[in-house]
Amino acid sequence: FYDPLNWFFFIVMGTVYGLGLFCWYKTLSYLDVSNATIVLSPTPIVTAIFATLILGAVITIFHLIGSAIVILSIVIIVKQKRNGIKIN
């Protein structure tokens, strides 16, 4: 735990996380929450893809079903916004 390399990675992870939060809140100052949330919706899918590529994780049927639900939800929200339906 006290290895200097561990501390380096702790600092890097904290910095990246803090930068992500900063970007999220900066985005919210330019967009409303519903639009900004659409941008973050595919995050679990991207995480699963990178976990497969980098860590060799196995994608199961549950991952595929969850990804399909996320993509379908994004499509529904975007279609409703284009048709002028207020989402609340």
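The opening residue of the sequence shown carries number 2 in our numbering; numbering runs sequentially from there. Just so you know, even glycine gets a beta-carbon here, dropped at the ideal spot from N, CA and C.
Item, Value
"Per-residue DSSP class, three states only, for Tyr3", "coil"
"Euclidean distance between Cα positions of Ile72 and Ser35", "16 angstroms"
"Residues of its chain near Thr52, where Cβ-Cβ distance is below 6 angstroms and the 5 sequence neighbours each way are ignored", "It is worth fixing the name first, because residue 52 is Ala in this sequence and not Thr. Same-chain partners within the cutoff: Ala58."
"Secondary structure of Ser68, DSSP reduced to three states", "helix"
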